[in-house]
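Structure, as structure tokens:
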Amino acid sequence: MGEPPPNLAARLRAHGQQHLLAGWAALDASERERLVEQLAGVDFAELERLYRRRSEPHAALPSRDRIAPVPVEPRTAASIALGEAAIRAGEVAVLLVAGGQATRLGTDRPKGVYPVGPVSGASLFQIHAEKVLALRRRYSANIPFLVMTSPATHDETIEFFNKNRFFGLPSDSVTFFQQGTMPALDLATGRLLLEEPGRLCLSPNGHGGCLTALADSGLLTKLKADGIRHLFYFQVDNPLVRVADPAFVGRHIETGSEVSSKVVAKTDPAEKVGVLGLVDGRCSILEYSDLPHAMANERATDGGLVFRAGSPAIHLFALDFLERITTGPTRLDFHLAKKKVNCLDDAGKPFAPTVENALKFELFIFDALPLADRWIVMEVRREDEFAPLKNATGADSPATVHKLLVDRVARWLESAGVTVPRANGESKFPLEISPLYAIDEEELRGKIRSRMNITEPVLLR
Ligand code: UTP
Numbered sequence: 000m001g002e003p004p005p006n007l008a009a010r011l012r013a014h015g016q017q018h019l020l021a022g023w024a025a026l027d028a029s030e031r032e033r034l035v036e037q038l039a040g041v042d043f044a045e046l047e048r049l050y051r052r053r054s055e056p057h058a059a060l061p062s063r064d065r066i067a068p069v070p071v072e073p074r075t076a077a078s079i080a081l082g083e084a085a086i087r088a089g090e091v092a093v094l095l096v097a098g099g100q101a102t103r104l105g106t107d108r109p110k111g112v113y114p115v116g117p118v119s120g121a122s123l124f125q126i127h128a129e130k131v132l133a134l135r136r137r138y139s140a141n142i143p144f145l146v147m148t149s150p151a152t153h154d155e156t157i158e159f160f161n162k163n164r165f166f167g168l169p170s171d172s173v174t175f176f177q178q179g180t181m182p183a184l185d186l187a188t189g190r191l192l193l194e195e196p197g198r199l200c201l202s203p204n205g206h207g208g209c210l211t212a213l214a215d216s217g218l219l220t221k222l223k224a225d226g227i228r229h230l231f232y233f234q235v236d237n238p239l240v241r242v243a244d245p246a247f248v249g250r251h252i253e254t255g256s257e258v259s260s261k262v263v264a265k266t267d268p269a270e271k272v273g274v275l276g277l278v279d280g281r282c283s284i285l286e287y288s289d290l291p292h293a294m295a296n297e298r299a300t301d302g303g304l305v306f307r308a309g310s311p312a313i314h315l316f317a318l319d320f321l322e323r324i325t326t327g328p329t330r331l332d333f334h335l336a337k338k339k340v341n342c343l344d345d346a347g348k349p350f351a352p353t354v355e356n357a358l359k360f361e362l363f364i365f366d367a368l369p370l371a372d373r374w375i376v377m378e379v380r381r382e383d384e385f386a387p388l389k390n391a392t393g394a395d396s397p398a399t400v401h402k403l404l405v406d407r408v409a410r411w412l413e414s415a416g417v418t419v420p421r422a423n424g425e426s427k428f429p430l431e432i433s434p435l436y437a438i439d440e441e442e443l444r445g446k447i448r449s450r451m452n453i454t455e456p457v458l459l460r
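All letters in the sequence shown, in the order written, are residues 0 to 460 by numbering that gives the first Met the number 0.
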């Protein structure tokens, strides 16, 4: 490729983006090819629309009288039976989103390979895959396991699964698919940024990108043809998640819900977690940054927070609903964020900004919630199902995840009649149970028959 394709040059000129070809002469053939390919995937008109929104004030929540707390659903024996029947019938697939860049954790590897097993050092991917495998075995069911990656995580994720023989899962039951990317724009000019000569600054388009990626890749159609009716959604950074919890699946089916969500009680009004609430009668996220102080602090008669339904990002989608919202005009819209992005300056030299210099765009999964006509919310205990790994230190870090994982095993063992030696309330030894040994407390109770004497770290697998 000698000259840039003329139609490309004209297209860039029309959108004021001709700077992207300034370094063309110095690129080798493969770099030119990559740049042309990257630019072919860019919707410049869409970027211009988004750039115009950069100084719009953030849409405030509607007035208080239009907002109400969400009612929560009970776990019942009937719903457990219904959920189990659906899993056994092969109607449930599992979707893990693992395309994020893990910037706060500060690792350049996919977050899923991060070791979190308190005794074994098992990775997040291993823990999640073993939960799916345990469910397959318990219900003798086929449970498709979909793993969404991004260009930032794709190759290494597949390599990791291969190297670990898919953690015992049949390899044909695991599907990797990539989410889309979005270019970063220069905040001052709206021009696309380059991270190196001939390479755009692209980043994954947010966890909400899974919906379009599922539809555009043909996976939704395939799942439907394979008899799947419900898709369990969770995120790679929560090792406590109860994958395809039958009570949750069952209640979702029983109520004809299109989107079901788990929530955990928020106890500190200042906690930085989005809460679910009703806005004009529809289930919606109330982002913590939008929640006025007075609402965040409102108390119910039982003393608990009124807006307490904290979202751990665990959802169950009816496949028909996903089809409906990914075809036609109701697709999710992007959120804008001003960020510091390393890039090339006008002279083509590397530039590390000290203040926000770029606009980035992401789709959020929870924007799908208000599109549902029927939905439910189920509250679970935070310590049972939510241990997010976000930061390298402090809150939501490897240390807090380790403690939450050990605490849960300690509680399960104690409920099975085992004495767990504790110091200052915490287990003296690291404890771990592989999902292949027990996926829930009841299963563990059925397995611990003899007296266990804990005098050292314990790993049950
Ligand atoms: P976060 O928003 O916490 O992002 O993602 P992150 O990549 O893990 O961490 P930071 O913000 O860069 O520090 C929550 C979940 O959504 C997935 C992540 O992999 C994680 O499971 N995710 C996020 C995607 O799959 N794609 C994205 O574009 C963003």
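Backbone N, C-alpha and C fix where the C-beta goes; we use that ideal spot for every residue, glycine too.
- Relative to the ligand UTP, the nearest heavy atom lies less than 8 Å away from the CB of PRO203.
- Short note on CYS209: C-beta closer than 8 Å to some heavy atom of the ligand UTP.
- Taking every protein chain shown into account, the CB of ASP171 has fewer than 16 other CB atoms within 10 angstroms, so this residue is exposed.
- Short of 7 Å from the beta carbon of THR156, and not among the five residues preceding or following it, lie these beta carbons of its own chain, in chain order: ALA97, PRO109, GLY111, VAL146, THR148 and PHE175.
- Each residue's CA atom was taken as its position, placing ALA39 and LEU11 some 11 Å apart.
- The nearest non-hydrogen atom of the ligand UTP is less than 8 Å from the C-beta of LEU104.
- In this chain, ARG137 is not harboured by any beta strand (DSSP E); it is covered by the alpha helix (DSSP H) spanning 123-138.
- Taken from the Cβ of LYS337, every heavy atom of the ligand UTP lies 8 Å or farther away.
- When C-beta atoms of the segment 158-170 are compared with those of the segment 122-134, three or more pairs fall below 8 Å, so the two segments count as touching.
- Here ALA371 has SER256, GLU257, VAL258, ARG281, CYS282 and PHE320 as same chain residues with Cβ atoms under 8 Å from its own Cβ, once five neighbours each way along the sequence are excluded.
- Relative to the non-hydrogen atoms of the ligand UTP, the Cβ of LYS389 comes within a distance shorter than 8 Å of at least one.
- Every alpha helix (DSSP H) of 4 residues or more that sits fully in the segment 20-76 is shown, in chain order, as 28-39 and 43-51.
- Cβ atoms of PHE247 and LEU315 come within 8 Å of each other, at about 6 Å.
- Boundaries of the beta strand (DSSP E) around ALA317: 314-317.
- With 16 or more other Cβ atoms inside 10 Å of its own Cβ, ARG31 counts as buried.
- Under the DSSP assignment, VAL408 falls in the alpha helix (DSSP H) whose first and last residues are 397-414.
- Relative to the ligand UTP, the nearest heavy atom lies less than 8 Å away from the CB of ALA97.
- The C-alpha of ARG330 lies about 19 Å from the C-alpha of ALA336.
- About 20 Å separates the CB atoms of LEU358 and PRO349; that is not less than 8 Å, and the two are not in contact.
- In this model, ALA409 and LEU104 are separated by some 27 Å (Cα to Cα).
- Judged by DSSP secondary structure, GLU361 falls within the beta strand (DSSP E) whose first and last residues are 357-361.
- Ranked by Cα distance from PRO268, the options ILE438, ALA84 and GLU297 are led by GLU297.
- Listed as beta-bridge partners of THR418 by DSSP are ASN452.
- VAL376 has SER260 as its beta-bridge partners, per DSSP.
- The ligand UTP has no heavy atom closer than 8 Å to the beta-carbon of HIS229.
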